[in-house]
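One structure is given below, encoded as structure tokens.
Following this line, the structure appears as structure tokens:
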């Protein structure tokens, strides 16, 4: 009987150790519920996030606040001297430069409220200057159509912009000097013909002298305008060649400059001109986005760890932030790891409780009041029914229940753990009562053998 009681006591202590172990393991697994909710939030967002579409949508809102009219530019450029009649689609825009980047969760979450963005709007006068120069230089006579104007990437310098502006000034100056030269030429030829006519008709010498003086003055004016025209042509040609040689370059860009690419269609032939232009900065407001506050991720304490990551990278980071409950190795569709332990550990409780019950029954069935000699029987249980109930009923039930909740937190179906919780709730009180009866049996043996009757 003594050996059987010792086996019962060993099972009792094993139950206590297993219960405390499972409770401790559940308590040290971290806040997997919050982490799982954050993971679900990040996974759903990453699955529905279309970076290109969302960026284009925000860019469209920004550009709409700073667009210029292509038709207005065409009308203004046509007013410049030497430029053919230019038309454009009345609905065609000149889109400003804007940059919206949604590569990280932090940059995405920033747009949960109305957000300012800087627009780079090309200077209309600068566009008119560049367009007028190239059309006057390259286009033939006849109507032309301004098809498109886009801002392209590349670096330009202030010297490039100054060269273009000086070239257009030189072209306009050349046009003015050419008109002045033509006027002086016409005036000289008129006076030359007048002098010849008056000589032919034998005008008075005073009239001839006065006419000749005027002719000589006109000749000096013509020669001066001719020299000025030659200098203006040389200056313009030198600047024009330099302006035509402009090409966008790689390297650090000037935020106050951009490059315009203009396409003009004339006589069925399309030509594209590229030139630098000044950028005027303006602030536009973007509309707020919904579903980008990442509240669950913030509550889980993961925001600082994932805010500088892309949505896909954030999902991987969140998966690595669980406690040991979610640590696992995948074999196809099967996950083996911490959740496997949580599934299997509670099964030990019903098994141990049933074994304890069988051991108690074995002791009771083997008891022989006349064959028992040793009254120094070992201790059974914790010594009090309340303490026995804690070890046999309360702690196993709590441990199984905590394992059930832990499995739910890591998105597992806790069927075995839940059944074991119910089993502990039933078997635990039953084992407690059985242990109390066994303790009563042990006391009966001690009392019955403490004062043996005298020999007959």
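In my numbering, the protein residues as written are 25 to 480.
Glycine residues also receive a C-beta, built at the ideal position from the N, C-alpha and C atoms.
#1: Which value, in whole angstroms, describes the spacing of the CA atoms of residue 222 and residue 216?
#2: For the alpha helix (DSSP H) holding residue 261, just list the boundary residues, first then last.
#3: Alpha carbon to alpha carbon, how far is residue 29 from residue 480? Give it in angstroms, no decimals.
#4: From this set, 86, 177 and 34, which residue's C-alpha is nearest residue 278's C-alpha?
#5: Sorted by chain position, which residues of the same chain lie with C-beta nearer than 6 Å to residue 132's C-beta, five sequence neighbours on each side aside?
#6: Apart from the five residues on each side of it in sequence, which residues of its chain come closer than 6 Å, Cβ to Cβ, to residue 92?
#7: On the criterion of 16 or more Cβ atoms from any shown chain inside 10 Å, does residue 503 qualify as buried, or is it exposed?
#8: Measure how close the beta-carbons of residue 101 and residue 110 come, nearest whole angstrom, since I'm counting them as under 8 Å.
#9: Using 10 angstroms around the beta-carbon of residue 72, count the other beta-carbons present and answer buried if the total reaches 16, otherwise exposed.
#10: Round the Cβ separation of residue 387 and residue 463 to the nearest angstrom and send it over; I've been treating them as touching at under 8 Å.
#11: Would you say residue 24 and residue 342 are within 8 Å of each other, going by their C-beta atoms?
#12: What's the call for residue 186, buried or exposed, on a 16-neighbour Cβ count within 10 Å?
#13: Using the three-state DSSP reduction, which class does residue 404 fall into: helix, strand or coil?
#14: Go ahead and pull the three-state DSSP assignment for residue 360.
#15: Skipping 5 residues on each side, what residues in its chain have a beta carbon closer than 7 Å to that of residue 268?
#16: Which same chain residues, not among the five before or five after residue 42, have their C-beta less than 6 Å away from its C-beta?
#17: Are three or more beta carbon pairs between the stretch 230-240 and the stretch 290-297 nearer than 8 Å?
#18: Who are the near neighbours of residue 331 in its chain, counting only those whose CB is closer than 6 Å to its CB and skipping five residues on each side?
#19: Residue 199 to residue 248, Cα distance in whole Å?
#20: Using 8 Å as the cut-off, can you tell me whether the stretch 417-428 makes contact with the stretch 441-451, which would need three or more C-beta pairs spanning the two stretches below that distance?
#21: Inspect the beta-carbon positions of residue 284 and residue 301 and report whether they are closer than 8 Å.
#22: Just tell me which of 375, 422, 411 and 310 has its CA closest to the CA of residue 138.
#23: According to DSSP, simplified to helix, strand and coil, what is residue 285?
#24: Can you give the beta carbon distance from residue 380 to residue 36, rounded, assuming they're within the 8 Å contact cut?
#25: Here's the rule I'm using: 16 or more other beta-carbon atoms within 10 Å means buried, otherwise exposed. How should residue 461 be labelled?
#26: So, with DSSP's three-state summary, where would you put residue 304?
#27: Which of helix, strand or coil does DSSP assign to residue 274?
#28: Just the Cα atoms here: how many angstroms apart are residue 89 and residue 304?
#29: Measure the alpha-carbon distance for residue 312 versus residue 445 and round it to whole angstroms.
#30: If I'm right that residue 321 touches residue 66 with Cβ under 8 Å, what's the distance once you round it to whole angstroms?
#31: For residue 153, does the count of other Cβ atoms within 10 angstroms reach 16, so buried, or fall short, so exposed?
#32: What do you get for residue 220, buried or exposed, if any count of 16 or more other CB atoms within 10 angstroms of its CB means buried?
#33: Apart from the five residues just before and just after residue 344, which ones in its own chain have a Cβ nearer than 6 Å to its Cβ?
#34: Can residue 457 and residue 441 be called in contact, C-beta distance under 8 Å?
#35: Got a sec, what are the start and stop residues for the beta strand (DSSP E) residue 169 sits in?
#36: Does the distance from the CB of residue 86 to the CB of residue 124 come in under 8 Å?
Well, looking at it:
#1: Here residue 222 refers to the residue found at position 198 of the chain shown. Here residue 216 refers to the residue found at position 192 of the chain shown. Cα to Cα, residue 222 sits roughly 10 Å from residue 216.
#2: Taking the chain shown and counting its residues from 1, one reaches residue 261 at position 237. Element bounds for residue 261: 229-268.
#3: Mapped onto the chain shown, residue 480 falls at position 456. Mapped onto the chain shown, residue 29 falls at position 5. Residue confidence is low: residue 480 scores 45 on pLDDT, short of 50, so the model does not pin down where it sits. No coordinate-derived value is stated.
#4: On the chain shown, residue 278 is found 254 positions in, with the first residue counted as 1. Out of 86, 177 and 34, 177 has the C-alpha closest to the C-alpha of residue 278.
#5: Taking the first residue of the chain shown as 1, we reach residue 132 at position 108. The beta carbon of residue 132 is closer than 6 Å to those of 126 and 316 in its chain, skipping five residues each way along the sequence.
#6: As a first step, residue 92 must be located in the chain shown, where it is residue number 68. Excluding sequence neighbours, residue 92 sits near 118.
#7: Given that the chain is displayed from residue 25 to residue 480, the structure contains no residue 503 and the question cannot be resolved.
#8: What you label residue 101 is simply residue 77 of the chain shown in a count that begins at 1. What you label residue 110 is simply residue 86 of the chain shown in a count that begins at 1. Contact between residue 101 and residue 110 holds: CB atoms are separated by about 6 Å, below the 8 Å threshold.
#9: Start at 1 with the first residue of the chain shown, and residue 72 comes out as number 48. If you draw a 10 Å sphere on the C-beta of residue 72, you find fewer than 16 other C-beta atoms in it, and that means exposed.
#10: The sequence position of residue 387 within the chain shown is 363, counting from 1. The sequence position of residue 463 within the chain shown is 439, counting from 1. Beta-carbon to beta-carbon, residue 387 and residue 463 are separated by about 11 Å, too far to satisfy the 8 Å threshold.
#11: The requested residue 24 is not part of the displayed model; the chain covers only 25 to 480.
#12: Indexing the chain shown from 1 puts residue 186 at position 162. Exposed, since its Cβ has fewer than 16 Cβ neighbours within 10 Å.
#13: The sequence position of residue 404 within the chain shown is 380, counting from 1. Here residue 404 carries a coil assignment [DSSP, helix/strand/coil].
#14: Here residue 360 refers to the residue found at position 336 of the chain shown. Residue state, collapsed to three classes: strand.
#15: The sequence position of residue 268 within the chain shown is 244, counting from 1. Taken in chain order, the list of residues that qualify is empty.
#16: Residue numbering aside, residue 42 sits at position 18 when the chain shown is read from its first letter. Shown here for residue 42: same chain residues with a beta carbon closer than 6 Å to its own, the five before and five after excluded, namely 372 in chain order.
#17: Contact between the stretch 230-240 and the stretch 290-297 is absent, because fewer than three Cβ pairs lie under 8 Å.
#18: Position 307 of the chain shown, counted from the first residue, corresponds to residue 331. The answer, listed in chain order, is 129 and 130.
#19: For the purposes of this step, residue 199 is taken as residue 175 along the chain shown, with counting starting at 1. For the purposes of this step, residue 248 is taken as residue 224 along the chain shown, with counting starting at 1. Taking C-alpha positions only, residue 199 is separated from residue 248 by approximately 16 Å.
#20: Between the stretch 417-428 and the stretch 441-451 there are three or more inter-stretch CB-CB distances shorter than 8 Å, so the stretches are counted as touching.
#21: Mapped onto the chain shown, residue 284 falls at position 260. Mapped onto the chain shown, residue 301 falls at position 277. Cβ distance < 8 Å, so residue 284 and residue 301 count as in contact.
#22: Taking the chain shown and counting its residues from 1, one reaches residue 138 at position 114. Nearest of 375, 422, 411 and 310 to residue 138, Cα basis: 310.
#23: Locating residue 285 in the chain shown gives position 261, counting from the first residue. Residue state, collapsed to three classes: strand.
#24: Looking up residue 380 in the chain shown gives position 356. Looking up residue 36 in the chain shown gives position 12. With 8 Å as the limit, residue 380 and residue 36 qualify as a contact, their Cβ atoms being about 7 Å apart.
#25: Against the chain shown, residue 461 aligns to sequence position 437. Classification for residue 461: exposed.
#26: Reading the chain shown from its first residue, position 280 is the one you call residue 304. In the structure shown, residue 304 adopts extended strand secondary structure according to DSSP, grouped into three states.
#27: As a working note, residue 274 is residue 250 in the chain shown. Residue 274: coil per DSSP, three-state reduction.
#28: Position 65 of the chain shown, counting from 1, holds the residue named residue 89. Position 280 of the chain shown, counting from 1, holds the residue named residue 304. The straight-line gap from Cα to Cα measures roughly 13 Å.
#29: In the chain shown, counting from the first residue as 1, residue 312 sits at position 288. In the chain shown, counting from the first residue as 1, residue 445 sits at position 421. The alpha-carbon atoms of residue 312 and residue 445 are separated by roughly 48 Å.
#30: Numbered from 1 along the chain shown, position 297 holds the residue referred to as residue 321. Numbered from 1 along the chain shown, position 42 holds the residue referred to as residue 66. About 6 Å separates the CB atoms of residue 321 and residue 66; that is less than 8 Å, so the two are in contact.
#31: Here residue 153 refers to the residue found at position 129 of the chain shown. It counts as buried.
#32: Within the chain shown, the letter at position 196 stands for residue 220. If you draw a 10 Å sphere on the C-beta of residue 220, you find fewer than 16 other C-beta atoms in it, and that means exposed.
#33: Taking the first residue of the chain shown as position 1, residue 344 is located at position 320. Closer than 6 Å at the Cβ level, and outside the excluded window around residue 344, lies no residue.
#34: Residue numbering aside, residue 457 sits at position 433 when the chain shown is read from its first letter. Residue numbering aside, residue 441 sits at position 417 when the chain shown is read from its first letter. Their beta carbons are not under 8 Å apart, which means residue 457 does not touch residue 441 by this criterion.
#35: Your numbering for residue 169 matches position 145 in the chain shown. Taken as a continuous stretch (DSSP letters only), the beta strand (DSSP E) holding residue 169 covers 168-176.
#36: The residue labelled residue 86 in the question sits at position 62 within the chain shown. The residue labelled residue 124 in the question sits at position 100 within the chain shown. Closer than 8 Å, so yes.
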